[in-house]
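Protein chains in written order, with the working numbering: chain R, 1 to 122; chain H, 123 to 787.
Where a beta carbon is used, it is the ideal one built from N, C-alpha and C, also for glycine.
For clarity, every value in this text was computed on a predicted model and none was experimentally measured.
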């Protein structure tokens, strides 16, 4: 199986680093990282990753709007929302906007990978 | 507990510090900004970002403060008015507190008073935000639109559960709903995703789908969805199908009531499957095996170099939590309702009462209260014994009852109720009650207690004498309640389950036995001891203390039974090796003792070595071991070795018997 490519979107460097570690340790390739919604949409078009992890609250363009644009551009896009506790209504909004699935912070590496693998059908 | 700092702690501190600096200046500006402006977005995002990262590292205090601050900010932003000065002051204080916590996370000192201040601050922030209306009022549950579908399309009943750990059940159900809608027309879904929001702890969802797809295809839709379990898909029965048969009704004579705390769930044919009891036993054994395996891995991890050991142990701990959760779930699946014990009783009681020329009415309460199957099975004999005892000896004949102004028909009540992690089972009758004076006399006659001791007993304490071995065994035992099976046997059966039994009685009014039982018996915390080269387990629940004593200083090794001073009290000491006829391999000198308490009697057991503590899954004894007094069960240790678990009550009896025999010789 070719290596899966991930686009990590989060405005916190700390979260991006943590997610990058989780994915690279599990054998994924991190295709790119974005720290706001605008950059996320641009990088998605450019990199065509297999998977996007998407923060919700970000500057310039929220993760929900970015997801909506990404899914409009590619209906098969796999976008996993990274939400925090207490954001359930935002997650539901993101799902209606086309997000594939979600994870809730604080998460552990295995939680993230369990959702990702399930969603990718691995 | 010293944990290795998070790999990206420095990144967090740098980012958080920057966010908090900006936050402070933005909060100062916010009072001049137009209400609901973009500055609020930035303020919210900063606090939110700090919260999310802190949660990932596990910095709870930061999460707590940021969470309440975030809630207040969201409400202030939504109200589209200028914030009050007090509200901004609070948010600035929250920012200061966050800065302090971040400094602390980077290794800085934390002043003692900070912790208390944090609690007050969190409280004040939540008070301030609860005074404001909700930022986004919960969307009113949309009335379920009547969805129409092609009447010729087959209907499928779909049921699934959201796992208990699911953090966002509304969102999860929404994903399932979307998946189902992609495969056909979703006619019903109950509960709706919106009403599952923030309802943690798992949920069962049912849906009806009109679809041309097969059952297997619909089931396969769930393959890519996490946090969903127990998926069942089946063709809907036609609308005019007969209702399913009701569960077999209990005997008409048996009144079954369901007290609070034991709600009987609406029985739903599709929500349960029949599982062979044996399969559940095997599952439990295997879950226990997994726990043992993990214990062995922990043991092995001790030999790892220190560097890797910590991480390995952390992983093992996580695995152990999961395994314990699994074990708990299997235990839950083994729960059996109390009525399985009582359903055979009405007939037995009726037959017995008729032979004795009595009329007895049986009332069962709390039939739906559940206990572990092991407890239920072990309870069958003691409960039958108590019931027969009540009919045989407790309840009077119709004539006797009428003579003392009671109704001619005796009442026997069996009840079960749940109290926290215990189940209380009561057997009460409105018969003649126990005769306290007679019990006292017998105790003296049989040499069980001195007349001085007996004179000190209160009325209620005298009733407890009925549990002494031999006392309640009637010499002229009827063939009905059995010869030689006394209340002491009932008591030891209940205690063998880790439970307690007590008796209340009032002359002429009746008596009540209360059995306090654990929900399950299989996990036990053991003190491991070594004697004569063999290892044994003693239940920690009975251990009062461990101590060391040098007996050689008091007359050599060959002691039979002596007294020791333990915590200012003189207690009998016995040698476990002697009780089991094993050689003691302990070197001369101070010897370890386990001090135990049974029935209010404290005694000490000498052993060769105290090995340690272990949590173990108990298995019942198999024949012929079950006949040996002093043994309670078996288990397998973390290192794979089998272990006999001792029964302190039996050991004490064994020791007493031995002593009496020696006394007589």
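Using three-state DSSP, classify residue 204 of chain H as helix, strand or coil.
Counting from one through the second chain, the residue named residue 204 of chain H turns up at place 82. In the structure shown, residue 204 of chain H sits in coil (DSSP, three-state: anything other than H, G, I, E or B).
By how many angstroms is the C-alpha of residue 665 of chain H removed from the C-alpha of residue 143 of chain H?
By 1-based counting over the second chain, the position of residue 143 of chain H is 21. By 1-based counting over the second chain, the position of residue 665 of chain H is 543. Roughly 57 Å between the two C-alpha positions.
For the region 501-521 of chain H against the region 564-573 of chain H, do three or more pairs of beta-carbon atoms, one drawn from each stretch, fall closer than 8 Å, so that the two count as touching?
Not touching, per the Cβ criterion.
Mind listing which residues of the region 189-207 of chain H have their C-beta closer than 9 Å to chain R's C-betas, in chain order?
The region 189-207 of chain H vs chain R, Cβ under 9 Å: 189, 192 and 193.
Once the 5 residues before and after residue 720 of chain H are set aside, which same chain residues still bring their CB inside 7 Å of it?
Here residue 720 of chain H refers to the residue found at position 598 of the second chain. The answer, listed in chain order, is 664, 770, 771 and 774.
Does the distance between the C-beta of residue 209 of chain H and the nearest non-hydrogen atom of the ligand ADP fall short of 6 Å?
Of the ligands one can find in the structure shown there are none, so the ligand ADP has no counterpart to examine.
What residue from H:670, H:527 and H:707 has the CA that sits closest to residue 695 of chain H's CA?
Within the second chain, residue 695 of chain H is the residue found at index 573, counting from 1. Ranking H:670, H:527 and H:707 by Cα distance to residue 695 of chain H puts H:670 first.
Over the uninterrupted beta strand (DSSP E) stretch that includes residue 103 of chain R, give me the two end residues.
As a position in the first chain, residue 103 of chain R is number 103, starting the count at 1. Segment 101-105, the beta strand (DSSP E) holding residue 103 of chain R.
So residue 319 of chain H contacts chain R; which residues on that side make the cut at Cβ distance below 9 Å?
Taking the first residue of the second chain as position 1, residue 319 of chain H is located at position 197. What residue 319 of chain H touches in chain R: 88, 89 and 92.
Using a Cβ cut-off of 8 Å, which residues of the region 3-27 of chain R contact any Cβ in chain H, in chain order?
Listed in sequence order: 11, 12, 13, 14, 15, 17, 18 and 21.
Does the beta carbon of residue 167 of chain H come closer than 7 Å to any beta carbon on chain C?
Here the protein chains are R and H, and chain C is not one of them.
Would you say residue 95 of chain R reaches chain H, if we count a Cβ-Cβ gap shorter than 7 Å as a contact?
Start at 1 with the first residue of the first chain, and residue 95 of chain R comes out as number 95. Interface residue, yes.
Under 7 Å, Cβ to Cβ, is there at least one residue of chain R near residue 178 of chain H?
By 1-based counting over the second chain, the position of residue 178 of chain H is 56. Residue 178 of chain H counts as touching chain R.
Show which residues of chain R have a CB atom less than 8 Å away from the CB atom of residue 142 of chain H.
Taking the first residue of the second chain as 1, we reach residue 142 of chain H at position 20. Those within 8 Å of residue 142 of chain H in chain R number zero; the least Cβ separation is about 13 Å.
If I measure Cβ to Cβ from residue 137 of chain R and keep anything under 7 Å in the same chain, skipping five residues before and after, which residues do I get?
Not covered by the structure: residue 137 of chain R. The range shown for chain R is 1 to 122.
Return no unless some Cβ of chain R is closer than 7 Å to the Cβ of residue 259 of chain H.
For the purposes of this step, residue 259 of chain H is taken as the residue at position 137 of the second chain. Model confidence at residue 259 of chain H stands at a pLDDT of 47, short of 50, so the residue's coordinates are unreliable and nothing is read from them.
Would you list, in sequence order, the uninterrupted beta strand (DSSP E) runs of no fewer than 3 residues that lie entirely inside the region 716-776 of chain H?
Correct list: 723-728, 731-739, 753-758 and 764-768.
If you measure beta-carbon to beta-carbon, which residues of the region 63-83 of chain R are closer than 9 Å to chain H?
So the close ones are 81, 82 and 83.
Considering Cα atoms alone, identify which of H:439, H:398, H:433 and H:429 is closest to residue 66 of chain H.
What is shown of chain H runs 123 to 787, which leaves residue 66 of chain H out entirely.
Assuming residue 532 of chain H and residue 613 of chain H make a contact with CB atoms under 8 Å, what is their CB distance in whole Å?
Counting from one through the second chain, the residue named residue 532 of chain H turns up at place 410. Counting from one through the second chain, the residue named residue 613 of chain H turns up at place 491. That belief does not hold up - the Cβ atoms of residue 532 of chain H and residue 613 of chain H are roughly 24 Å apart, past 8 Å.
Do you know how far the Cα of residue 551 of chain H is from the Cα of residue 475 of chain H?
Within the second chain, numbered from 1, the residue matching residue 475 of chain H stands at position 353. Within the second chain, numbered from 1, the residue matching residue 551 of chain H stands at position 429. When rounded, the distance between both Cα atoms is 14 Å.
Using the beta-carbon count (16 or more within 10 Å), is residue 242 of chain H buried or exposed?
Working through the second chain from its first residue, we reach residue 242 of chain H at position 120. When all chains shown are included, residue 242 of chain H counts as exposed.
Is any beta-carbon of chain R found at less than 7 Å from that of residue 133 of chain H?
For this step, residue 133 of chain H is matched to residue 11 along the second chain. Residue 133 of chain H counts as touching chain R.
DSSP three-state call for residue 123 of chain H: helix, strand or coil?
The residue given as residue 123 of chain H occupies position 1 in the second chain. Note on residue 123 of chain H: pLDDT 42, under 50, position unreliable in the model; the coordinate value appears next. If DSSP states are grouped into helix, strand and coil, residue 123 of chain H belongs with coil.
For the 8 Å Cβ check, are there 3 or more pairs between the region 749-756 of chain H and the region 704-722 of chain H?
These segments do not touch.
Which residues share a DSSP beta bridge with residue 32 of chain R?
For the purposes of this step, residue 32 of chain R is identified with residue 32 of the first chain, where counting begins at 1. DSSP, once it has assigned bridges, lists R:7 as partnering residue 32 of chain R.
Evaluate residue 511 of chain H with the Cβ neighbour count: other Cβ atoms within 10 Å of its Cβ, from every protein chain shown; 16 or more gives buried, anything less gives exposed.
By one-based count along the second chain, residue 511 of chain H stands at place 389. So residue 511 of chain H counts as buried.
Quick one: Cα of residue 525 of chain H to Cα of residue 555 of chain H, how far?
Position 403 of the second chain holds residue 525 of chain H. Position 433 of the second chain holds residue 555 of chain H. Roughly 16 Å separates the two Cα atoms.
Between the region 87-97 of chain R and the region 333-353 of chain H, can you find at least three pairs of beta-carbon atoms closer than 8 Å?
The region 333-353 of chain H is not in contact with the region 87-97 of chain R.
Does the Cβ of residue 661 of chain H have 16 or more other Cβ atoms within 10 Å, making it buried, or fewer, making it exposed?
Position 539 of the second chain holds residue 661 of chain H. Buried.
Comparing C-alpha positions only, which one of H:692, H:181 and H:648 sits nearest to residue 724 of chain H?
Start at 1 with the first residue of the second chain, and residue 724 of chain H comes out as number 602. Nearest C-alpha to residue 724 of chain H: H:692.
Verify the CB distance criterion: does residue 109 of chain H have a CB-CB separation below 7 Å to chain R?
Chain H is shown from 123 up to 787; residue 109 of chain H falls before or after that span and cannot be answered.
Helix, strand or coil: which one does DSSP assign to residue 625 of chain H?
The residue you call residue 625 of chain H lines up with position 503 of the second chain. Residue state, collapsed to three classes: strand.
Strictly below 9 Å CB to CB, what residues from chain R border residue 347 of chain H?
For the purposes of this step, residue 347 of chain H is identified with residue 225 of the second chain, where counting begins at 1. Ordered by position in chain R, the residues that pass the 9 Å Cβ test against residue 347 of chain H are 101, 118 and 119.
Please classify residue 428 of chain H: does DSSP put it in a helix, a strand, or coil?
The residue given as residue 428 of chain H occupies position 306 in the second chain. Residue 428 of chain H falls in the helix class under three-state DSSP.
Going by CA-CA distance only, name the one from H:768, H:563 and H:279 that's closest to residue 306 of chain H.
For this step, residue 306 of chain H is matched to residue 184 along the second chain. Among H:768, H:563 and H:279, the Cα nearest to that of residue 306 of chain H is on H:279.
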